[in-house]
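S.K.: Pasting a structure below so you can have a look.
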Amino acid sequence: MKAEIVEGWPKENSIRIALSETDASQVNAIRRALISDVPKLAITRVNISQGVVENDGQILESVNVLPDEMLTHRLAMIPIPTFPEEKLSFFETCPVCIDLVEAEKGCPQCQVLYSLNVQGPSADSEEEFVTVYAGDLTTISDPMFDIREEHRRIPITILSKGQYLELYAFATLGRGASHQKWSPVAGVGFSGRNIAKLNGA
């Protein structure tokens, strides 16, 4: 099998590759492996602060338009930068955490930690709401895991006056076979290239 990049990488988020000396079954195996077998980081656990706080004389409540379950689902689908060369361990088999109880598992070797703290518009603001974006997630682990520029404008939720959102999110390695949030690709497909041969040419 031979492969040649036609367009895309490394400038875009998509890529076209021309494969030769192969057949449809082999190409389909690659497609399926990309979808379900390639490890990727994704947010798997979220701790959301609850209650009421005071900031500059303004009372803020930890509520927004989305239920916590939907909020965590949106966070899970945000693309998290993944670097195979960093050799992060899978959460379930991390040598540092494997003997710990579930509540105590998690270390720099098997997870990446993010924080988010956004408030709604101030009481005297003309804006009715503030949009919380993926770019508001700040990595506590290492700046290399910051949300990439092309993904920073993914909306998560909105906050009205008197509302705030504070949370910690934990990203771990997984595979798309377990959950779509761990799939590093989307819309993977292939088609054959027909070659015409003229008799006597």
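Per the numbering used here, numbering through the sequence shown is continuous, rising by one, with the last residue being 228. Every residue, glycine too, gets a C-beta built ideally from N, C-alpha and C. Please read all numbers here as calculations on a predicted model, not as lab measurements.
When you compare the stretch 210–218 with the stretch 55–62, are there three or more beta-carbon pairs, one atom per stretch, that lie closer than 8 Å?
M.R.: Enough Cβ pairs lie closer than 8 Å, so yes.
S.K.: If you run the structure through DSSP and keep just helix, strand and coil, what is T199?
M.R.: strand
S.K.: Are K208 and A103 closer than 8 Å when you measure CB to CB?
M.R.: yes
S.K.: Hey, which unbroken runs of the beta strand (DSSP E) at 3 residues or more fall wholly within the stretch 53–119?
M.R.: 67–75, 79–82 and 85–88
S.K.: Which residue from G203, P135 and A51 puts its Cα closest to that of F172?
M.R.: By alpha-carbon distance to F172, the top candidate from G203, P135 and A51 is P135.
S.K.: Under 8 Å between the Cβ atoms of F197 and G133?
M.R.: At a Cβ-Cβ threshold of 8 Å, F197 and G133 count as neighbours.
S.K.: Give every residue of the same chain whose Cβ lies closer than 6 Å to the Cβ of T49, excluding the five residues on either side of it in the sequence, and list them in chain order.
M.R.: M28
S.K.: Compute the Euclidean distance between the alpha carbons of P108 and K224, then round it to the nearest angstrom.
M.R.: 45 Å
S.K.: Spatial neighbours of R175 within its chain, please: CB distance less than 8 Å, with the 5 preceding and 5 following residues excluded, ordered by chain position.
M.R.: P106 and P108
S.K.: In terms of alpha-carbon separation, which member of L143, R202 and I167 lies closest to E98?
M.R.: Just to set this straight, residue 98 is Leu in the shown sequence, not Glu. Comparing Cα positions, the closest option is L143.
S.K.: Pairing CB atoms from the stretch 120–128 with CB atoms from the stretch 77–87, are three or more of them under 8 Å?
M.R.: Taking a cut-off of 8 Å for Cβ pairs, the stretch 120–128 and the stretch 77–87 do not touch, as fewer than three such pairs fall below it.
S.K.: For A30, name the three-state secondary structure that DSSP assigns.
M.R.: strand
S.K.: DSSP three-state call for Q136: helix, strand or coil?
M.R.: coil
S.K.: Output yes or no for whether 8 Å exceeds the beta carbon distance between L200 and L115.
M.R.: yes
S.K.: Any idea what DSSP makes of F156, helix, strand or coil?
M.R.: strand
S.K.: For T184, count neighbouring Cβ atoms within 10 angstroms of its own Cβ and tell me buried if that reaches 16, exposed if not.
M.R.: buried
S.K.: Just tell me which of V73, A69, L68 and N91 has its CA closest to the CA of V79.
M.R.: Of the candidates V73, A69, L68 and N91, the one whose C-alpha sits nearest the C-alpha of V79 is N91.
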